[in-house]
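Numbering (this note's numbering), first residue to last: 214 to 524.
And the structure:
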């Protein structure tokens, strides 16, 4: 039986105010930094928390999961990073992750863009999960929210709206993956980004993206994942879209304006005659303890949640 523990970076990311303030407090000048340097400083904020607060609290018997919210990585004034900065930043994150090999690091998301033939900028919102210097999973958000920050003058296009790129994403992206546990065992996980977790009013795939994907891949088989990860900037838990199995866990962190609570870690209980039928009732109950906070600012602090035993 695996044990995991959530260390959530409870920081507001609906705009860059709090992240920029945290950088300024360390002596950086975000408005003056070249994009690659700004990205590195943002990554350093997370690494410093991991090294100073997470590693000293983690135990050999549990998997520490450090999670940051959606939109943690944006260029100054909320603009998307360019392609070169994104790929350079991925290398920085891999190097940083290698220095904390026992931590599963969910970096939040990176808002970035690259040019396409139309002359527009193709915009992505990419979540990365790293462990010991390796990218365990890369996932790009499917649904665009009206508050995400896409330019309204036609100079930018969402990656899922560009037909050829959308086809590639559908063929190559998968939010379901396996992560190494503390004893070398594999822990099944799924990751979602904000609006992808919402049940829509209508449409053929109106349920959450992770739920839809899991059902498409498994049909009536499969009891759910061990751990459901949700990184967001304004999305409450939608119980009907939680894909964790009976005895699994849901981990959430939210950078949205005024989000309460900013993070959650809970064990999932389900009723049903079998684990498979229990999942497909889509009516879990959740149980989780209160976190301990490092820092006094509810919009910029670390939440240390109690360990969760995956039953």
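Glycine is no exception: its CB is placed at the ideal position from the N, C-alpha and C atoms.
{"query": "Once DSSP output is grouped into helix, strand and coil, what is the label at residue 374?", "result": "helix"}
{"query": "Specify the secondary structure class of residue 329 as computed by DSSP and reduced to three states.", "result": "coil"}
{"query": "Leaving out five residues on either side along the sequence, give the residues of the same chain with a beta carbon under 8 Å from the beta carbon of residue 307.", "result": "343, 346, 347, 348"}
{"query": "Got a sec? Which residues, its chain only, sit under 8 Å from residue 367 by beta carbon, not counting five neighbours each side?", "result": "333"}
{"query": "So for residue 231, helix, strand or coil by DSSP?", "result": "helix"}
{"query": "State the beta-bridge partners of residue 525 as determined by DSSP.", "result": "No answer is possible for residue 525: the residues shown for the chain start at 214 and end at 524."}
{"query": "Within this structure, are the beta carbons of residue 359 and residue 291 separated by less than 8 Å?", "result": "no"}
{"query": "Alpha carbon to alpha carbon, how far is residue 374 from residue 274?", "result": "44 Å"}
{"query": "On a CA-only basis, which of 335, 386, 326, 453 is nearest residue 353? Give me that one, please.", "result": "386"}
{"query": "Please classify residue 417 as buried or exposed, where buried requires at least 16 neighbouring CB atoms within 10 angstroms.", "result": "exposed"}
{"query": "Can the beta-carbon of residue 226 be found less than 8 Å from the beta-carbon of residue 397?", "result": "no"}
{"query": "Restricting to runs no shorter than 3 residues, where is the beta strand (DSSP E) found entirely within the stretch 339-399?", "result": "347-353, 369-371, 389-393"}
{"query": "Between which two residues does the beta strand (DSSP E) containing residue 222 stretch?", "result": "216-224"}
{"query": "Between the C-alpha atoms of residue 415 and residue 453, what's the straight-line distance to the nearest angstrom?", "result": "15 Å"}
{"query": "Between the Cα of residue 434 and those of 445, 400, 493, 412, spot the shortest distance and give me the residue it belongs to.", "result": "493"}
{"query": "State the Cα-Cα distance for the pair residue 318 and residue 481, rounded to the nearest angstrom.", "result": "22 Å"}
{"query": "Can you look up residue 194 in the DSSP assignment and give me helix, strand or coil?", "result": "Residue 194 is absent from the model: the chain starts at 214 and stops at 524."}
{"query": "DSSP puts residue 506 in a beta bridge; with which residues?", "result": "516"}
{"query": "Look up residue 249 in the DSSP assignment and say whether it is helix, strand or coil.", "result": "helix"}
{"query": "Of all the options 330, 407, 391, which has the alpha carbon lying nearest to the alpha carbon of residue 369?", "result": "330"}
{"query": "Can you give me the C-alpha to C-alpha distance between residue 264 and residue 281, rounded to a whole angstrom?", "result": "15 Å"}
{"query": "Among the candidates 519, 499, 411, whose CA atom is the shortest distance from the CA of residue 505?", "result": "519"}
{"query": "Return yes when the C-beta of residue 430 is under 7 Å from any heavy atom of the ligand ADP, and no when it is not.", "result": "With respect to the ligand ADP, the structure shown offers nothing to examine, as it has no ligands at all."}
{"query": "When the distance is taken between beta carbons, is residue 521 closer than 8 Å to residue 216?", "result": "yes"}
{"query": "Take residue 513 and list the residues in its own chain whose beta-carbon comes closer than 8 Å to its own, dropping the five residues that flank it on each side.", "result": "223, 224, 225, 231, 234, 235"}
{"query": "Rounded to whole angstroms, what is the Cα-Cα separation between residue 239 and residue 254?", "result": "10 Å"}
{"query": "Going by C-alpha to C-alpha distance, which of 413, 257, 251, 509 sits closest to residue 312?", "result": "257"}
{"query": "What residues in its chain sit with their C-beta under 7 Å from that of residue 440, if we drop five residues either side in the sequence?", "result": "217, 400, 402, 457, 461, 462, 464"}
{"query": "Taking buried to mean at least 16 other C-beta atoms within 10 Å of its own C-beta, is residue 422 buried or exposed?", "result": "buried"}
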